[in-house]
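Peer 1: So for the sequence shown, this note's numbering puts the first residue at 1183; every next one is plus one.
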Amino acid sequence: MTERGLASWSDGQTTRERVRAIATTLTQPRSVDWVREEAQVSSWQTAKDELEMLAEFGQVQIVDGDDGNPKYAPNYQQRYFTELTELINDHTREELREEVATVQAQIDDWKTAFDVESRDELEATLTDDGLSSDEIRERNRILRRWEHTEDNKRLLKHALELYVPARELYPGQGDSANASNLLSQ
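If you want it as structure tokens, here you go:
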């Protein structure tokens, strides 16, 4: 326990485990120093070695930083395939279909609420005369949620398309034991 009475996120983790924990949750390119500090690691070389190993295995990718030094960035492709695999393994086809309906219902609600047919149409209303700054901010918030919802719908679509072939490759994987992890908020 820390002095504040809460367990540290890093309790019980090795130095390398802490670097992996930070690196695999990156949302933007970061330097070795940034990852080292966030992972509470004193050795720059240890952090660099672990990041290079993660890059070698495709967990992160190395990109050129603005300062000419390498940075480590998320591997979005691998994350997507991991999410896809988890959906297929953790849910039945019926659950995935129901989640598609739930996601579409949310999109339909936004279409009705703003009297638009698409997210692009809602975005075009941002410059309408007569909208207050609060109304514009609300529409921006909805646009971000709508985009995220469409991404989830696309992921669900791919999970359904690949469901049977994936299950044939690995029969017996999860039979909806983890049905509480669906995408909707």
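Glycine included, C-beta positions come from ideal geometry on N, C-alpha and C.
Do you know whose CA, among Leu-1304, Gln-1241, Val-1346 and Gln-1286, lies nearest Glu-1320's CA?
Peer 2: What you label residue 1320 is simply residue 138 of the sequence shown in a count that begins at 1. Of Leu-1304, Gln-1241, Val-1346 and Gln-1286, the residue nearest in Cα terms is Leu-1304.
Peer 1: Using DSSP with H/G/I as helix, E/B as strand and the rest coil, what is Ala-1283?
Peer 2: Position 101 of the sequence shown, counted from the first residue, corresponds to residue 1283. Ala-1283 falls in the helix class under three-state DSSP.
Peer 1: What would DSSP say about Ala-1255, mapped onto helix, strand or coil?
Peer 2: In the sequence shown, residue 1255 corresponds to position 73, counting from 1. Correct three-state label for Ala-1255: strand.
Peer 1: Since Asp-1246 sits in a beta bridge, which residues does DSSP pair it with?
Peer 2: Translated into positions along the sequence shown, residue 1246 becomes position 64. Looking at the DSSP assignment, Asp-1246 forms a beta bridge with Pro-1252.
Peer 1: So, Gln-1241 versus Thr-1267, is the Cβ gap smaller than 7 Å?
Peer 2: Looking up residue 1241 in the sequence shown gives position 59. Looking up residue 1267 in the sequence shown gives position 85. Not a contact, by the Cβ cut-off of 7 Å.
Peer 1: Arg-1275 by DSSP, collapsed to three states: which one?
Peer 2: Within the sequence shown, the letter at position 93 stands for residue 1275. Helix.
Peer 1: Could you say which of Phe-1296, Arg-1326 and Ala-1287 lies nearest to Leu-1313 if we only look at CA atoms?
Peer 2: Here residue 1313 corresponds to residue number 131 of the sequence shown, with the count starting at 1. Closest by alpha carbon: Phe-1296.
Peer 1: Nearest to Gln-1142 by CA position, among Leu-1342, Ala-1203, Arg-1327 and Leu-1337, is which residue?
Peer 2: With the chain running from 1183 to 1367 in the structure shown, residue 1142 is simply not present.
Peer 1: Measuring alpha carbon to alpha carbon, tell me which residue in Gly-1194, Val-1217 and Glu-1343 is nearest Leu-1236.
Peer 2: The count along the sequence shown starts at 1 and reaches residue 1236 at position 54. It is Val-1217 whose Cα lies nearest to the Cα of Leu-1236.
Peer 1: Using the C-alpha atoms, what's the distance from Glu-1265 back to Val-1201?
Peer 2: Working through the sequence shown from its first residue, we reach residue 1201 at position 19. Working through the sequence shown from its first residue, we reach residue 1265 at position 83. Rounded to whole angstroms, Val-1201 to Glu-1265 spans 22 Å at the Cα level.
Peer 1: Determine the extent of the alpha helix (DSSP H) in which Glu-1299 is found, giving its start and end residues.
Peer 2: Looking up residue 1299 in the sequence shown gives position 117. Run containing Glu-1299: none; DSSP gives neither H nor E here.
Peer 1: Would you verify that the beta carbon of Glu-1268 is, or is not, closer than 7 Å to some beta carbon of chain B?
Peer 2: The displayed structure is made up of one protein chain only, and chain B is not part of it.
Peer 1: If we call anything under 7 Å between Cβ atoms a contact, is Leu-1269 one with Ala-1221?
Peer 2: Counting from one through the sequence shown, the residue named residue 1269 turns up at place 87. Counting from one through the sequence shown, the residue named residue 1221 turns up at place 39. No, the Cβ-Cβ distance between Leu-1269 and Ala-1221 is not below 7 Å.
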